[in-house]
Amino acid sequence: QPALDVAAVRQDFPILSRQVHGKPLVYLDNAATSQTPRQVIDAFDDYYSRYNANIHRGLHTLSDEATAAFEGTRETVRAFLGAADARQIIFTRGTTEAINLVANSWGRANLKAGDEVLISMLEHHSNIVPWQLLAAEIGFTLKVIPVDERGALDQQAYRALLSERTRLVAVNHVSNALGTVNPVAEMARLAHEQGALILVDGAQATPHQRVNVDAIDADFYAFSGHKIYGPTGVGVLYGRRELLEAMPPWQGGGEMIKTVSFDSPTTFAAIPHKFEAGTPAIAEVIALGKAIEWIEGVGIEKIGAWEGELLAHATQEVQAIDGLRILGTSPEKAAVLSFVVDGAHSQDIGLLIDQLGVAIRTGHHCAQPLLAQFGVDATCRASFAAYNTLEEVETFVAALQRVITMLR
Ligand SMILES: Cc1ncc(COP(=O)(O)O)c(CNc2co[nH]c2=O)c1O
-5 QPALDVAAVR
5 QDFPILSRQV
15 HGKPLVYLDN
25 AATSQTPRQV
35 IDAFDDYYSR
45 YNANIHRGLH
55 TLSDEATAAF
65 EGTRETVRAF
75 LGAADARQII
85 FTRGTTEAIN
95 LVANSWGRAN
105 LKAGDEVLIS
115 MLEHHSNIVP
125 WQLLAAEIGF
135 TLKVIPVDER
145 GALDQQAYRA
155 LLSERTRLVA
165 VNHVSNALGT
175 VNPVAEMARL
185 AHEQGALILV
195 DGAQATPHQR
205 VNVDAIDADF
215 YAFSGHKIYG
225 PTGVGVLYGR
235 RELLEAMPPW
245 QGGGEMIKTV
255 SFDSPTTFAA
265 IPHKFEAGTP
275 AIAEVIALGK
285 AIEWIEGVGI
295 EKIGAWEGEL
305 LAHATQEVQA
315 IDGLRILGTS
325 PEKAAVLSFV
335 VDGAHSQDIG
345 LLIDQLGVAI
355 RTGHHCAQPL
365 LAQFGVDATC
375 RASFAAYNTL
385 EEVETFVAAL
395 QRVITMLR
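Per the working numbering, the sequence shown runs over residues -5 to 402.
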């Protein structure tokens, strides 16, 4: 497996030649949003310059071209996820909307008082709050899989929490706050043994590793375009076909209907369009397809391997800093390094390190319950992508040491 040609990768990202406060940008906030290659940027220019038109049902050339490009992305996503049928791919605004779609369509139609939904302590708020809102309305019970001191899910506790009352397990594939990679295929097997479904939040997995929804045997799988070198405002919900076909629509409007009448019941479009009401983010969906093509061109396995080297190097370097505690020490980790430093508040580190050109994320990372369990309300988080370099890791560590000295 030849290593990633990082110099060639960086050529694709105009933003990486930016300066920040007179220093070269070192962008290490990729778990929040990744940067965008020229191929994706150009897709917007090309669409709006050459074939901007509303999709489906239009009987003119521009509409046909826009529809072909839009639906072509559905096939690209199908192949990217290893799904059987492109109709199982629903375009959403992102992971948050994908999870809300499952909660408000499948959840509202299938959950009742006395049922149980299992989420985990590792979850992002977008895989906690939709279930809390629905539980308050319907009266099912929300249970939480604990994490151990390394930030790994307690699989023994998971087995104990599963019961015949469990209707859905909703967990992330990779934690955005700690980087923990969860054994979702095994968790799916155990959930199915109990007759429960599993939704996997893949927002932090799809940027770093090959995801195969068939191998996982996921009932639902969600991810966001802006975390895989694509645009904001577009994401994907993958669903098991028979589930999507049985689920009621969750938003009403154009595109999602077959016939609308005041004299007889309105009928709905087949999947996937049943779940895609209104004019979609056409350019974003087309650009998402280009982002996936870019990833496939570089090789997701090469990207993951390179990020693993960056993470290992950064972890080794920061461990030498006295008073620094890494949160998330599971052996199975993706490219996220979360830490706190005695005597230096995370937000202060984030602000000062920005002055040195380094962009990291500080705060609760939409994982407040998790951070509370570790006794903190914020961490510093450096997260890596295909275009980061070992030199950037060195710059980050030197800047971190300088900032900590200033703050202490
Ligand atoms: C695991 C996980 N799930 C869901 C979401 C929501 O994705 P969205 O709908 O595209 O916003 C995020 C975004 N995580 C982060 C967004 O900013 N910093 C983060 O760590 C995430 O990391």
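By construction, the Cβ of each residue, glycine as well, lies at the ideal position given by its N, Cα and C atoms.
Are there three or more Cβ pairs, one per stretch, closer than 8 Å when the stretch 209 to 216 is compared with the stretch 232 to 241? Verdict: yes, contact present.
Per-residue DSSP class, three states only, for Thr253: Translated into the one-based positions of the sequence shown, residue 253 becomes position 259. Thr253: strand per DSSP, three-state reduction.
Helix or strand or just coil, what does DSSP make of Ile83? As a first step, residue 83 is located in the sequence shown; it is residue number 89 there, counting from the start. Ile83 falls in the strand class under three-state DSSP.
Report the option in Val292, His119, Ile122 whose CA atom is closest to the CA atom of Gln5. On the sequence shown, position 11 is the one that residue 5 refers to. Nearest C-alpha to Gln5: Val292.
What do you reckon, is the C-beta of Cys360 under 7 Å from a heavy atom of ligand 1? Within the sequence shown, the letter at position 366 stands for residue 360. Cys360 Cβ: within cutoff of ligand 1.
So what does Phe333 bridge to, in DSSP terms? Position 339 of the sequence shown, counted from the start, is the residue given in the question as residue 333. DSSP output for Phe333 lists Ile320, Cys374 as bridge partner(s).
Whether or not the stretch 29 to 43 and the stretch 6 to 19 are in contact is what I'm after, with contact meaning three or more pairs of Cβ atoms, one per stretch, closer than 8 Å; do they touch? yes
Should Leu53 be labelled buried (16 or more other beta-carbon atoms within 10 Å of its own) or exposed? Counting from one through the sequence shown, the residue named residue 53 turns up at place 59. Leu53 comes out exposed.
Please find out if some non-hydrogen atom of ligand 1 comes closer than 7 Å to the beta-carbon of Ser11. As a first step, residue 11 is located in the sequence shown; it is residue number 17 there, counting from the start. Incorrect: Ser11 has no Cβ contact closer than 7 Å to ligand 1.
May I ask whether a heavy atom of ligand 1 can be found less than 7 Å away from the beta carbon of Ser411? Outside the shown range of the chain, which is -5 to 402, sits residue 411, and nothing can be said about it.
Would the C-beta of Asp195 count as close to ligand 1, meaning under 7 Å from any of its heavy atoms? Your numbering for residue 195 matches position 201 in the sequence shown. Yes, Cβ of Asp195 sits closer than 7 Å to a heavy atom of ligand 1.
Unbroken alpha helix (DSSP H) run spanning Ser340, endpoints: Here residue 340 is taken as the residue at index 346 of the sequence shown, counted from 1. Its alpha helix (DSSP H) spans residues 340 to 348.
For the stretch 71 to 149, list the alpha helix (DSSP H) runs that are entirely contained and at least 4 residues long, ordered along the chain. 89 to 96, 123 to 132
At 3 residues or longer, what runs of the beta strand (DSSP E) sit wholly inside the stretch 160 to 187? Uninterrupted beta strand (DSSP E) stretches at least 3 residues long and entirely within the stretch 160 to 187 occur at 160 to 166, given in chain order.
Spatial distance of Gly351 from Lys137 (CA atoms): Numbered from 1 along the sequence shown, position 357 holds the residue referred to as residue 351. Numbered from 1 along the sequence shown, position 143 holds the residue referred to as residue 137. Distance between the alpha carbons of Gly351 and Lys137: 42 Å.
For Leu195, is the classification buried or exposed, using 16 other Cβ atoms within 10 angstroms of its Cβ as the cut-off for buried? Sequence index remark: in the sequence shown, residue 195 carries index 201 (1-based). Note that residue 195 is Asp in the sequence shown, not Leu. Burial call: buried.
Relative to the C-alpha of Ser99, which residue among Trp125, Asp109, Ala77, His119 is closest? Here the question's residue 99 lines up with position 105 in the sequence shown. For the residues Trp125, Asp109, Ala77, His119, the minimum Cα distance to Ser99 belongs to Trp125.
Around the C-beta of Glu239, are 16 or more other C-beta atoms found within 10 angstroms, so that it is buried, or is it exposed? Here residue 239 refers to the residue found at position 245 of the sequence shown. That one is exposed.
Are the Cβ atoms of Ala164 and Leu127 separated by less than 8 Å? Residue numbering aside, residue 164 sits at position 170 when the sequence shown is read from its first letter. Residue numbering aside, residue 127 sits at position 133 when the sequence shown is read from its first letter. No, the Cβ-Cβ distance between Ala164 and Leu127 is not below 8 Å.
Taking three-plus beta-carbon pairs below 8 Å as touching, is the stretch 93 to 107 in contact with the stretch 317 to 336? no
Smallest Cα separation from Ser28: which of Ile222, Leu156, Thr61? Working through the sequence shown from its first residue, we reach residue 28 at position 34. Closest by alpha carbon: Ile222.
Could you check the C-alpha separation between Asp371 and Phe262 for me, to the nearest Å? Reading the sequence shown from its first residue, position 377 is the one you call residue 371. Reading the sequence shown from its first residue, position 268 is the one you call residue 262. C-alpha separation (whole angstroms): 46 Å.
Looking at the secondary structure, which residues open and close the alpha helix (DSSP H) in which Leu238 lies? Counting from 1 along the sequence shown, the entry for residue 238 is found at position 244. First-last of the alpha helix (DSSP H) with Leu238: 235 to 240.
Quick one: is Ala338 buried, meaning 16 or more other Cβ sit within 10 Å of its Cβ, or exposed? Indexing the sequence shown from 1 puts residue 338 at position 344. Buried, by the Cβ-count rule.
With DSSP collapsed to three states, give me the class of Gln367. The residue given as residue 367 occupies position 373 in the sequence shown. It is helical.
Which term fits Thr86, buried or exposed, when burial requires 16 or more other beta carbons within 10 angstroms of its beta carbon? Mapped onto the sequence shown, residue 86 falls at position 92. It is buried - the Cβ of Thr86 has at least 16 other Cβ atoms within 10 Å.
Where does Gln245 sit, in a helix, a strand or coil, going by DSSP? In the sequence shown, counting from the first residue as 1, residue 245 sits at position 251. Coil.
Report yes if the C-beta of Ala271 is less than 7 Å from at least one heavy atom of ligand 1; otherwise report no. Indexing the sequence shown from 1 puts residue 271 at position 277. No, Cβ of Ala271 sits at least 7 Å from all heavy atoms of ligand 1.
Taking the alpha carbon of Ile294 as the reference point, which residue from Ala199, Leu184, Phe134 has its own alpha carbon closest? What you label residue 294 is simply residue 300 of the sequence shown in a count that begins at 1. The residue with the shortest Cα to Cα distance from Ile294 is Ala199.
With DSSP run on the structure shown, which of helix, strand or coil describes Asp58? The residue labelled residue 58 in the question sits at position 64 within the sequence shown. Note: Asp58 maps to helix in three-state DSSP.
Count the other C-beta atoms from every protein chain shown that fall within 10 angstroms of the C-beta of Gly219, then say buried if there are 16 or more, exposed otherwise. By 1-based counting over the sequence shown, the position of residue 219 is 225. The residue in question, Gly219, is buried, as its Cβ has 16 or more Cβ neighbours within 10 Å.
Distance, Cα to Cα, Gln349 vs Thr356? For this step, residue 349 is matched to residue 355 along the sequence shown. For this step, residue 356 is matched to residue 362 along the sequence shown. One C-alpha to the other measures close to 14 Å.
Per the DSSP calculation, Ser218 is bridged to which residue(s)? The residue labelled residue 218 in the question sits at position 224 within the sequence shown. Beta-bridge pairing by DSSP links Ser218 to Gly229.
Can you give me the C-alpha to C-alpha distance between Val205 and Ala77, rounded to a whole angstrom? Numbered from 1 along the sequence shown, position 211 holds the residue referred to as residue 205. Numbered from 1 along the sequence shown, position 83 holds the residue referred to as residue 77. Cα-Cα distance, rounded: 10 Å.
Closest by CA to Gly248, which one among Tyr152, Phe38, Asn48, Glu143? Indexing the sequence shown from 1 puts residue 248 at position 254. Gly248 has its Cα closest to that of Asn48, out of Tyr152, Phe38, Asn48, Glu143.
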